[in-house]
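Report on one structure; see the data block that follows.
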Amino acid sequence: MVELERRGIPTVFFTAKTFVHDAQRSAASFGLPGLPIAVLPMPVTNQRPGDVHAMVDGAIEQVITGLTRPVEAVADDHDLPAADEHLAYRGDDLLAAWDAMQADFLTRGWSDGFPLVAPTRRAVEGMLGGTRRAPGDVIATLEPGFGLATVEKLAVNAVMAGCRPEHLPFLIAAVRCLAEPKMYLRNKAMSTGPHAPVVIVNGPRGRAARFNGGICALGPGAPSASNSTLGRALRLAMMNVGHTYVGISDMDTIGSPLKYACCCAENERESPWEPYHVTRGFRAEDTTVTVHFAYGLCELHDFKSTTPEDLIGVFATAATNVAQVGTGLWLLGRRADPRYKTSEQERNTMLMCPEHAQIFAREGWGRERIQRAMYDATRIPFRTLTLNKERAAMAASHPELGWLWDHPELPVPIVEDPGCFEIAVVGGAAGRGAYFYGAGEPVTMPVEETP
Amino acid sequence: MAQLEVLNPVARPVRHSIAPAARRPDLSGATIGLYWNMKAGGDEALTRTETLLRERYPGVTFKRYHGSVGFLMRHCTAEDSDRMAREVQVVVGTTAD
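If you read the sequences in order, they're chains L and H. Heads up: the first sequence at position 448 corresponds to 448 in this note's numbering, and the numbers run straight through without jumps. Heads up: the second sequence at position 64 corresponds to 64 in this note's numbering, and the numbers run straight through without jumps.
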């Protein structure tokens, strides 16, 4: 709509009451804070036609006003950065002052809800010792709020998350992943879906920085302290640097605990295959961070199977869950950001435990054969795959597949091609992995050398 | 009394600014674009909008649009926006939420 206004075309768009702040904030970030909105009492999704018509009847005067009367200037004053870059909190003692900081940060929306480490000047300077970069270096401009991700702002959020200085280069790499145009962060940050950034660390410096790829790698607990703090720092950076704030620019219907922190290393030592980051174009000796947004995860439990074929049969049941938005989403097209002409496949990440990986490896199976087997084993009837999909969207994206509506029982792949199953080896002993229902494609970035 | 001094964690944003389009005081005779991003229910909202505006304004005509890229949600490319700007005088859109 902003792009049409830029071209001299008056616009108005319908928005549900719950999403008004979100819509206003989005329009403001693109430079038009007063963009006219016709407010509906409810979203029009899941509504009967008559109910939609009744809501429009009640909002039609707003449509007419928006198209015919001059747009009033509206100040965009949501959560602007405090004018002062230094904040002071007082109390009877330092613990009381720290409590006051926690309360203020919560009020401002700067906290994930858990207590934060105080980002004192001394702590931030210590964190900055983890990188060769200057504090003022701009790593990226982070959407949806177009916040300037300077090294210092990332360091402040890293301190708040409990990171150590050696983690800062990993956070910088993860933020570079988020800012890559193909990541389409705006969509994933603002959506009603619970998109959580899943972080996978690979390479020798990941091990040196004590990122855990073994027992309970996704946490919680002491072995995963590096994982937990980096994951948390990335969430805080999305909030305070990218301005992704719940209820304003993060409109999750139900949210997800994965959004607090979701990070692990690959268990390269116990993997029978080349490291995951090598499959993404890097050398084994490189250290990298991969970020893949996911909607949720399902356990890949199997203590019984001893053959690749049986394991695939079990894993396929997790992948064919149509209640997960990404299952069969390729039928509606590709996630795309028209500003950058990007398009993404919908991929899923399998964290395979070492014992399951060994069952495949001893029969000579590598990643590609597993991907192909998953692709073949996860075909489900077209009728089932399209239970929650808009037929018009499929007609717009794949008009050549319209004949499928006349063959509802025909098994159809749940993903676009076999490469849509990403595979990393993670975890300790026993046959339990994790299947992440992904959102778009992962992005991998190298971790810069440390001082 | 103790004091704790900390650094502000919030990044300054890059600001953009776009002037809104001049409005059309009377919609009579206008060609109105109806943009649906293909989220469920949005088409119904636009159908009802068309009915109500047709009743109110003589001579209005309508053109339907959806973006040419995307998946669950369709998005307009720059070319889509250019085409709409050539073909209609105002646009009503729905994003379904």
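Positions of the beta carbon are idealized from the N, C-alpha and C atoms, including for glycine.
Using a C-beta to C-beta distance shorter than 9 Å, which residues of chain H count as neighbours of residue i?
i      : result
H86/L  : E5, V6, L7, N8
D92/L  : M1, A2
R121/L : E5, V6, L7
G63/L  : Note on residue identity: the sequence assigns Val, not Gly, to residue 63/L. Near V63/L (Cβ distances below 9 Å), the residues of chain H are T49, L52, L53, V92.
Starting from residue i, find everything on chain L with Cβ-Cβ shorter than 7 Å and list it in chain order.
i     : result
K39/H : T45
F62/H : Chain L residues near F62/H: none, gap ~13 Å exceeds 7 Å.
S81/H : E3, L4, R7
Just to confirm before moving on: does the CB-CB distance between residue i and residue j stay below 9 Å?
i      : j      : result
C420/L : W273/L : no
T290/L : V175/L : no
G206/L : G428/L : no
V63/L  : G31/L  : no
L332/L : F436/L : no
A118/L : V151/L : no
A123/L : I139/L : no
A294/L : G242/L : no
F303/L : G433/L : no
A161/L : L351/L : no
D22/L  : T15/L  : yes
A318/L : E299/L : yes
W405/L : R391/L : yes
L27/H  : V90/H  : yes
I423/L : T279/L : yes
E266/L : V425/L : yes
F282/L : P446/L : yes
E5/H   : L87/L  : yes
F13/L  : T61/H  : no
Count the other CB atoms, across all protein chains shown, that sit within 10 Å of the CB of residue i; report buried if there are 16 or more and exposed otherwise.
i      : result
P20/H  : buried
P220/L : exposed
W365/L : buried
E268/L : buried
D79/L  : Unreliable positioning characterises D79/L in this predicted model, as indicated by a pLDDT of 49, which lies under 50. The coordinate reading is nonetheless provided below. Answer is buried; the Cβ neighbour count reaches 16.
Q3/H   : exposed
E441/L : buried
D43/H  : buried
Y375/L : buried
D455/L : Residue 455/L is absent from the structure shown; chain L starts at 1 and stops at 451.
L178/L : buried
G130/L : buried
N37/H  : buried
T288/L : buried
P36/L  : buried
Hey, could you find the ends of the alpha helix (DSSP H) residue i is sitting in?
i      : result
A174/L : 168-179
A149/L : Element bounds for A149/L: not the alpha helix (DSSP H) but the beta strand (DSSP E), 147-150.
T307/L : Run containing T307/L: none; DSSP gives neither H nor E here.
N348/L : Where N348/L is concerned, there is no enclosing alpha helix (DSSP H), although the beta strand (DSSP E) it sits in stretches over 348-352.
I370/L : 367-377
S397/L : 391-397
Residues of chain L with CB under 9 Å from residue i, in chain order?
i      : result
L34/H  : Those within 9 Å of L34/H in chain L number zero; the least Cβ separation is about 11 Å.
P119/H : As shown, chain H starts at 1 and ends at 97. That puts residue 119/H outside it, with no answer to give.
R24/H  : P10, L67, T68
I'd like the span of the beta strand (DSSP E) that includes residue i, first residue to last.
i      : result
F14/L  : 11-16
W36/H  : 31-36
R83/H  : Careful: R83/H lies outside any beta strand (DSSP E), inside the alpha helix (DSSP H) at 78-87.
A123/L : Premise fails: A123/L lies in the alpha helix (DSSP H), 121-128, not in any beta strand (DSSP E).
F105/L : Per DSSP, F105/L belongs to no beta strand (DSSP E); it is in the alpha helix (DSSP H), 94-108.
H53/L  : Taken as a continuous stretch (DSSP letters only), H53/L belongs to no beta strand (DSSP E), being part of the alpha helix (DSSP H) at 49-68.
N202/L : 196-202
Q3/H   : 2-7
M238/L : Premise fails: M238/L lies in the alpha helix (DSSP H), 225-240, not in any beta strand (DSSP E).
Using a Cβ cut-off of 8 Å, pull out every chain L residue sitting near residue i, in sequence order please.
i     : result
P58/H : Residues of chain L passing the Cβ test: none, with the nearest at roughly 14 Å.
G42/H : F14, V44
R74/H : G333, A393, A396
T31/H : Residues of chain L passing the Cβ test: none, with the nearest at roughly 11 Å.
Given that residue i touches chain H, what residues does it touch there, using C-beta distances under 7 Å?
i      : result
E5/L   : I18, P20, A21
T307/L : By Cβ distance, chain H contributes nothing, its closest Cβ being about 36 Å from T307/L, past 7 Å.
V447/L : By Cβ distance, chain H contributes nothing, its closest Cβ being about 21 Å from V447/L, past 7 Å.
Which residues in chain H have a C-beta closer than 8 Å to the C-beta of residue i? List them in chain order.
i      : result
M160/L : P9
W98/L  : L4
A118/L : L4, V6
The segment 406-423 of chain L touching the segment 319-335 of chain L, judged by at least three CB pairs closer than 8 Å:
Output reads yes: the segment 319-335 of chain L touches the segment 406-423 of chain L.
Any 3 or more C-beta pairs closer than 8 Å across the segment 164-175 of chain L and the segment 233-251 of chain L
The segment 164-175 of chain L vs the segment 233-251 of chain L: in contact.
Could you tell me whether the segment 35-47 of chain L touches the segment 59-66 of chain L, using the rule of 3 or more Cβ pairs below 8 Å?
Output reads yes: the segment 59-66 of chain L touches the segment 35-47 of chain L.
Three Cβ pairs or more, each shorter than 8 Å: is that satisfied between the segment 254-271 of chain L and the segment 10-19 of chain H?
Touching, no.
Is the segment 35-51 of chain H in contact with the segment 91-101 of chain L, if contact means three or more CB pairs nearer than 8 Å?
With the cut-off at 8 Å, the segment 35-51 of chain H and the segment 91-101 of chain L do not touch.
Within the chosen definition, does the segment 337-344 of chain L reach the segment 58-77 of chain H through at least 3 CB pairs nearer than 8 Å?
Verdict: yes, contact present.
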